[in-house]
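Asks:
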Amino acid sequence: MIVNFIDYLRERLQAVIYCCYGVMTFIVIWSLTVDTSHAHTWAEKMIPGFWSLFGLCGCAIIIMVARWFGKGGIMTQEDYYDN
Amino acid sequence: MTTSFIHPAFIMILGAVLLPFVRGPFRKPFLFLIPLLAFIDVVYLSQHPGTYGVYQFMDWELTFGRVDRLSMIFGFIMALMAIIGTIYGMHVEDEWQHMAAWFYVAGSLGAIYAADYIVLFLFWEMMAFASTFLIWARKDEESLAAGYRYILVHTFGGVVLLIGFVLRYQATGDLSFGQLNVQSPELYTWLIMIGLMLNAAVPPLHSWLPDAYSKATAVGAVFMCAFTTKTAVYTLIRSCSGFDVLIYLGIIMAIYGIIYAIMENDVRRLLGWEIVSQVGYMVTAVGIGSSLAVNGACAHAFAHILYKGLLFMGAGAILHATGKQKLTELGGLYKKMPLTLIFMLIGGLAVSGLPLMSGFVSKSMIITAAFESHLLWAGFALILVSAGTFLAAGLRLPYLLFFSTNNCSEETWEKAKDPSWNMTLAMVIGGFLCILIGCYLPFLYNMLPNTEVAYHPYGAYHLSETLQIMAFTGLAFFYLRKYVMPKNTISLDLDWFYRKGGRAFLWTVKNPLQWFDTAISNAYKVVGISTLMTTSAFWSWFDWNVIDGIVDGIARCVRAIGGRTALVLQRGQIQQTIYYTVSFAAVILIAYVWL
Numbered sequence: 751m752i753v754n755f756i757d758y759l760r761e762r763l764q765a766v767i768y769c770c771y772g773v774m775t776f777i778v779i780w781s782l783t784v785d786t787s788h789a790h791t792w793a794e795k796m797i798p799g800f801w802s803l804f805g806l807c808g809c810a811i812i813i814m815v816a817r818w819f820g821k822g823g824i825m826t827q828e829d830y831y832d833n
Numbered sequence: 003m004t005t006s007f008i009h010p011a012f013i014m015i016l017g018a019v020l021l022p023f024v025r026g027p028f029r030k031p032f033l034f035l036i037p038l039l040a041f042i043d044v045v046y047l048s049q050h051p052g053t054y055g056v057y058q059f060m061d062w063e064l065t066f067g068r069v070d071r072l073s074m075i076f077g078f079i080m081a082l083m084a085i086i087g088t089i090y091g092m093h094v095e096d097e098w099q100h101m102a103a104w105f106y107v108a109g110s111l112g113a114i115y116a117a118d119y120i121v122l123f124l125f126w127e128m129m130a131f132a133s134t135f136l137i138w139a140r141k142d143e144e145s146l147a148a149g150y151r152y153i154l155v156h157t158f159g160g161v162v163l164l165i166g167f168v169l170r171y172q173a174t175g176d177l178s179f180g181q182l183n184v185q186s187p188e189l190y191t192w193l194i195m196i197g198l199m200l201n202a203a204v205p206p207l208h209s210w211l212p213d214a215y216s217k218a219t220a221v222g223a224v225f226m227c228a229f230t231t232k233t234a235v236y237t238l239i240r241s242c243s244g245f246d247v248l249i250y251l252g253i254i255m256a257i258y259g260i261i262y263a264i265m266e267n268d269v270r271r272l273l274g275w276e277i278v279s280q281v282g283y284m285v286t287a288v289g290i291g292s293s294l295a296v297n298g299a300c301a302h303a304f305a306h307i308l309y310k311g312l313l314f315m316g317a318g319a320i321l322h323a324t325g326k327q328k329l330t331e332l333g334g335l336y337k338k339m340p341l342t343l344i345f346m347l348i349g350g351l352a353v354s355g356l357p358l359m360s361g362f363v364s365k366s367m368i369i370t371a372a373f374e375s376h377l378l379w380a381g382f383a384l385i386l387v388s389a390g391t392f393l394a395a396g397l398r399l400p401y402l403l404f405f406s407t408n409n410c411s412e413e414t415w416e417k418a419k420d421p422s423w424n425m426t427l428a429m430v431i432g433g434f435l436c437i438l439i440g441c442y443l444p445f446l447y448n449m450l451p452n453t454e455v456a457y458h459p460y461g462a463y464h465l466s467e468t469l470q471i472m473a474f475t476g477l478a479f480f481y482l483r484k485y486v487m488p489k490n491t492i493s494l495d496l497d498w499f500y501r502k503g504g505r506a507f508l509w510t511v512k513n514p515l516q517w518f519d520t521a522i523s524n525a526y527k528v529v530g531i532s533t534l535m536t537t538s539a540f541w542s543w544f545d546w547n548v549i550d551g552i553v554d555g556i557a558r559c560v561r562a563i564g565g566r567t568a569l570v571l572q573r574g575q576i577q578q579t580i581y582y583t584v585s586f587a588a589v590i591l592i593a594y595v596w597l
């Protein structure tokens with residue numbers, strides 16, 4: 751059943767992607783209506799969709815830092831300690 | 003010991019000792035019964051807080067059973083995880099593995115209920131040694147080497163802890179294990195903290211964790227991911243709450259772990275790096291030290307044991323079925339292992355802090371505590387790491403294992419299948435608890451040690467914050483996923499120093515030291531042996547001619563004198579013998595009277 755459901759979704763990948771975009775848009779629009787009195791800083795109150803931006807940029811930064819770190823010599827061949 | 007106190011560690015140890023004698027159809031019920039009894043004991047003790055098991059040993063008072071709210075929550079989750087882990091490993095025939103796991107659990111429970119450093123140290127070392135056997139039980143060359151590295155690092159940590167509390171005892175005369183004076187730390191405060199934080203895998207003392215956990219058996223890793231680091235977090239809460247340096251170390255740890263997790267190709271090493279990152283939250287909370295932060299550390303440790311156990315169980319199921327644990331050798335497994343996919347997704351989403359999952363209600367408590375303590379940088383750093391966690395464990399890991407390109411060999415694909423009933427049952431329990439904690443807050447929150455603070459995670463703002471972060475992290479992953487594809491590489495870490503350092507030591511022993519030793523031997527042969535031979539020859543001659551000559555001469559003299567005396571005095575005539583005897587007696591008598 752699980753496999754069939756996943757196959758069903760994979761066959762309609764484009765529709766799934768559009769659904770995800772829809773959910774994201776809904777989350778951002780909803781976030782604009784949420785009371786920001788519990789915000790930790792002024793930036794969260796002043797910048798609409800602050801956490802969306804934070805998530806997007808944060809994830810991109812982490813990926814790039816990991817990539818830069820790995821290419822800087824940290825990632826090496828698997829038999830490094832065997833030689 | 004009062005009659006009402008049976009130490010849960012004692013139940014586990016007794017069970018481990020009896021286990022080899024329980025065979026056949028009784029083995030599986032016994033495997034379930036012992037951790038269940040320990041769990042019931044822990045629950046019973048939780049209803050009866052107090053101090054138990056106090057013994058006088060020489061000048062010291064040893065306390066085995068300090069039952070308070072802090073030890074209660076950690077004891078509860080450790081005993082619960084012992085049940086789940088044992089169910090997961092019920093198919094394992096190797097009794098030594100079960101024994102090692104139970105001694106390991108006993109060590110953890112013993113350390114949690116210990117109220118003085120001697121008892122703590124005893125159980126601390128029991129944990130280290132027992133868990134080493136969970137690595138060695140895999141019985142391959144890599145595991146053997148990893149086990150040696152693991153035990154050496156932990157022995158070092160144990161020695162630092164020992165020196166720390168001995169110095170403290172010398173300075174204060176106090177062996178009790180409680181809150182240290184972290185406002186004006188002494189040398190022993192630092193040493194104790196370093197000894198404890200090595201087990202929590204705080205950088206730079208962290209490299210043992212991904213190294214060891216990826217080499218342990220499938221069952222061993224499920225136990226190991228729960229006990230060592232979280233017991234260390236408990237001890238840090240107990241002794242180092244409010245120690246500022248832990249905030250910085252915790253944040254470094256959280257970021258460092260997630261960066262390495264994203265680079266990782268080995269599934270269980272990736273999960274190991276995730277542990278480093280998540281324990282970073284707890285260490286930060288300990289450093290903050292407020293009531294909410296301490297509650298957050300406890301809650302996150304509780305939740306973490308369950309979702310990380312679930313993820314390791316999923317990874318172990320894949321390893322058990324296919325014998326593979328590299329992402330570059332797996333992929334597309336949803337068709338063969340759909341149940342494992344579901345449980346790993348639950349674990350991955352729980353660690354990522356999805357609303358209605360355990361991570362959401364625990365992690366956010368620490369982040370809120372950071373903001374409430376005006377540590378904005380720490381709060382934002384932890385939120386950034388939560389985005390990274392979702393990326394690594396919630397998106398990248400399930401995507402590469404179950405959905406992306408199928409990298410499985412034909413043999414691996416054939417072998418891949420969902421695990422046996424016991425492994426599935428353990429994952430069902432773990433998954434259920436991850437959701438229960440997220441949905442029914444009193445289950446976890448009522449156990450937290452500081453009852454005076456209240457926390458409500460399901461506010462609209464917090465929900466909006468979390469959903470935005472997760473949604474847009476997903477978007478970034480969707481577009482940047484080609485940059486996080488696995489490669490057949492390993493990532494160098496600080497263990498480089500002792501792995502390469504060990505080889506440098508071996509090279510030093512084999513080359514310069516060996517050369518020096520050979521040179522000394524040759525010099526000894528040339529100078530020493532000939533001198534010795536000459537000296538020996540002289541003393542041999544001296545012994546033969548001088549010493550033996552004197553001894554032989556004396557002997558010959560004695561024999562000659564004796565022979566002549568006997569000829570005179572013992573002629574065989576009774577009258578002469580009486581004459582000599584009487585004369586000799588008269589001489590003695592006169593000499594005696596005169597003198």
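Protein sequence lines correspond, in order, to chains A and B. For the first sequence, my numbering assigns the number 751 to the initial residue and increments by one for each residue that follows. For the second sequence, my numbering assigns the number 3 to the initial residue and increments by one for each residue that follows. Idealized CB from N, CA, C, for every residue including glycine.
Can you list the beta strand (DSSP E) stretches of 3 or more residues lying completely in the stretch 292-335 of chain B, in chain order?
Replies: none
Asks: So which residues of chain B does Y831(A) contact, with C-beta pairs closer than 7 angstroms?
Replies: R501
Asks: Chain B partners of V784(A), CB-CB under 7 angstroms?
Replies: A462, Y463, S466
Asks: Applying a beta-carbon distance threshold of less than 7 angstroms, which residues of chain B neighbour M796(A)?
Replies: From the beta-carbon of M796(A), no residue of chain B is found nearer than 7 angstroms; the closest lies around 15 angstroms away.
Asks: Taking 7 angstroms as the threshold (beta carbon to beta carbon), is M3(B) in contact with chain A?
Replies: Confidence at M3(B) is low in this model, with a pLDDT of 47, below 50, so the placement of that residue should be treated as unreliable; the coordinate-derived value is given next. No, M3(B) lies away from the interface with chain A (no Cβ there is under 7 angstroms from its Cβ).
Asks: Interface residues of chain B around E761(A) at Cβ under 9 angstroms?
Replies: Chain B residues near E761(A): none, gap ~14 angstroms exceeds 9 angstroms.
Asks: Can you tell me whether I592(B) is helix, strand or coil according to DSSP?
Replies: helix
Asks: With distances taken from CA atoms, which of L308(B), G289(B), G244(B), W541(B) is nearest F76(B)?
Replies: L308(B)
Asks: Taking the C-alpha atoms as reference points, what is the distance between Q827(A) and I492(B)?
Replies: Approximately 6 angstroms, taken between the alpha carbons.
Asks: Out of curiosity, what's the CA-to-CA distance linking G574(B) and V553(B)?
Replies: 32 angstroms
Asks: Compute the beta-carbon to beta-carbon distance between H100(B) and L200(B), rounded to the nearest angstrom, for a pair I have assumed lies under 8 angstroms.
Replies: Wrong, their Cβ atoms sit about 27 angstroms apart, outside the cutoff.
Asks: So, with DSSP's three-state summary, where would you put M199(B)?
Replies: Correct three-state label for M199(B): helix.
Asks: Determine the closest residue to S754(A) out of E412(B), K337(B), Q516(B), I431(B), with distance taken between C-alpha atoms.
Replies: The sequence given here places Asn at residue 754(A); Ser does not occur at that position. That would be K337(B), whose Cα lies nearest to the Cα of N754(A).
Asks: Establish whether the CB of A810(A) and some CB of chain B are separated by less than 7 angstroms.
Replies: yes
Asks: Under 6 angstroms Cβ to Cβ from G112(B), same chain only, skipping five residues before and after it: list those, please.
Replies: The residues are A11, F125.
Asks: Quick check: the stretch 222-237 of chain B against the stretch 306-324 of chain B, are at least 3 beta-carbon pairs closer than 8 angstroms?
Replies: yes
Asks: Just the C-alpha distance for A214(B) and A148(B), rounded to the nearest angstrom, thanks.
Replies: 6 angstroms
Asks: Give the C-beta separation of I471(B) and F804(A) to the nearest angstrom, bearing in mind that I take them to be a contact with Cβ-Cβ under 8 angstroms.
Replies: 6 angstroms
Asks: What residues in its chain sit with their C-beta under 8 angstroms from that of K310(B), if we drop five residues either side in the sequence?
Replies: Non-local beta-carbon contacts of K310(B) in its own chain, meaning distances under 8 angstroms to residues more than five positions away in sequence, involve C227, A228, L273, E276, I277, Q280, G349, V353 in chain order.
Asks: With DSSP collapsed to three states, give me the class of Y831(A).
Replies: coil
Asks: Residues of chain A with CB under 8 angstroms from I261(B), in chain order?
Replies: I812, V815, A816, F819
Asks: Reducing DSSP to helix, strand and coil, say where I835(A) ends up.
Replies: It is not possible to answer for residue 835(A), since the shown part of chain A is limited to 751 through 833.
Asks: Establish whether the CB of Y250(B) and some CB of chain A are separated by less than 7 angstroms.
Replies: no
Asks: Secondary structure at E143(B), three-state DSSP: helix, strand or coil?
Replies: helix
Asks: Could you check whether the stretch 294-303 of chain B touches the stretch 366-377 of chain B, counting it as contact only if at least three pairs of C-beta atoms, one from each stretch, sit closer than 8 angstroms?
Replies: Result yes; three or more Cβ-Cβ pairs closer than 8 angstroms.
Asks: Count the other CB atoms within 10 Å of the CB of M3(B); is the residue buried (16 or more) or exposed (fewer)?
Replies: Any reading at M3(B) must be qualified, since the residue scores a pLDDT of 47, below 50, and its modelled position is unreliable; no value is offered.
Asks: Is it true that the CB of V269(B) sits closer than 7 angstroms to the CB of Q327(B)?
Replies: yes
Asks: Go to S48(B), then tell me how far its beta strand (DSSP E) extends in each direction, as first and last residue.
Replies: No beta strand (DSSP E) holds S48(B); the alpha helix (DSSP H) holding it covers 29-48.
Asks: Can you tell which of K30(B), R561(B), V363(B) has the C-alpha that lies nearest to the C-alpha of Y442(B)?
Replies: The candidate whose alpha carbon is nearest that of Y442(B) is V363(B).
Asks: Can you tell which of I431(B), E374(B), F34(B) has its C-alpha closest to the C-alpha of I13(B)?
Replies: F34(B)
Asks: Which parts of the stretch 40-118 of chain B are runs of the alpha helix (DSSP H), unbroken and 4 residues or longer, counting only runs that do not cross its ends?
Replies: When DSSP assignments are scanned along the stretch 40-118 of chain B, the uninterrupted stretches of alpha helix (DSSP H) that are 4 or more residues long and fall wholly within it turn out to be 71-90, 97-115.
Asks: Pull up the DSSP beta-bridge partners for M825(A), would you.
Replies: S493(B), per the DSSP bridge assignment.
Asks: For a test of the three-state rule: what should DSSP assign to V584(B), helix, strand or coil?
Replies: Of the three classes helix, strand and coil, the one that applies to V584(B) here is helix, per DSSP.
Asks: With DSSP run on the structure shown, which of helix, strand or coil describes S406(B)?
Replies: coil
Asks: Going by DSSP in three states, D420(B) sits in which element: helix, strand or coil?
Replies: coil
Asks: Measure how close the beta-carbons of V288(B) and I239(B) come, nearest whole angstrom, since I'm counting them as under 8 angstroms.
Replies: 5 angstroms
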